[in-house]
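To keep things clear, I will list the structure first and then write my remarks on it.
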Amino acid sequence: MRTTREMGHRTGFKPQAPATQPMRAALCLVAVTILLTPLSGCSGSSPSWERVGPSEFEEAMASNGDGFLLDVRTPSEWEEDGYLEGATLIPHSELRDREGELPEDKEAPVLLYCRSGNRSQQAAATLQDLGFTDIIELEPGITGWKDAGKVVSYD
């Protein structure tokens, strides 16, 4: 009499390899994660970081009167190039150290700019790391703002 193993071998049936059980477990975990991901947004706001041009930034400033206008340039750039009225100057390299000067409400809009749009990207990433969820960044910086004929202030 033949064993079940011998019969399976001849009929083309192969027993399930032990390595497939971890694969099944991994697939189940992926499936559960995919199903639960939409629910994760229910507990709070999802982060938003929008890069906009001068006109859109101006509209955002007007429609977010309670927003926090943040200039992340250096003090010398603030003096040389001017600034947007109502802005708070915190150089991007000091954001983490000066977190106490940022809004307590992490869901409040933060309107962000630098000189040309490079440092403000780094600052936006830092703000997200700090928990801020509504960031609007002036993509071309204050240089693009001025090139568009928008008003800046000087001391």
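Note that the working numbering has the sequence shown beginning at 17, numbered continuously upward.
Even for Gly, the Cβ is constructed at its ideal location relative to N, Cα and C.
Between residue 88 and residue 119, the C-beta gap is not smaller than 8 Å, which leaves the two residues out of contact.
Fewer than three Cβ pairs drawn from the stretch 137–153 and the stretch 91–102 lie within less than 8 Å of each other, which leaves the two stretches out of contact. Here the C-alpha atom of residue 148 lies approximately 16 Å from the C-alpha atom of residue 110. The closest CA to that of residue 154, considering only 81, 85, 79 and 63, is found on 85.
Rounded to whole angstroms, the gap between the alpha carbons of residue 70 and residue 151 is 15 Å. Between residue 142 and residue 112, the C-beta spacing is below 8 Å. Close CB contacts of residue 144 within its chain, under the 6 Å cut and outside five residues either way in sequence, are with 63 (chain order). With contacts defined by Cβ atoms closer than 8 Å, residue 130 and residue 165 do not form a contacting pair. Straight across, the Cα-Cα distance linking residue 167 with residue 146 is about 31 Å. Per DSSP, residue 135 lies in no beta strand (DSSP E); the unbroken alpha helix (DSSP H) holding it starts and ends at 134–145.
Taking residue 163 as reference, the option from 170, 171 and 132 with the minimal CA-CA separation is 132.
When only Cα atoms are considered, residue 75 and residue 134 end up about 22 Å apart.
In the three-state reduction of the DSSP assignment, residue 84 falls in the strand class, which pools E and B. Minimum Cα-Cα distance from residue 125 among the listed residues 67, 102 and 80 corresponds to 80.
If you ignore the 5 residues before and after residue 102, its C-beta comes within less than 6 Å of the C-beta of 85, all in its own chain and listed in chain order.
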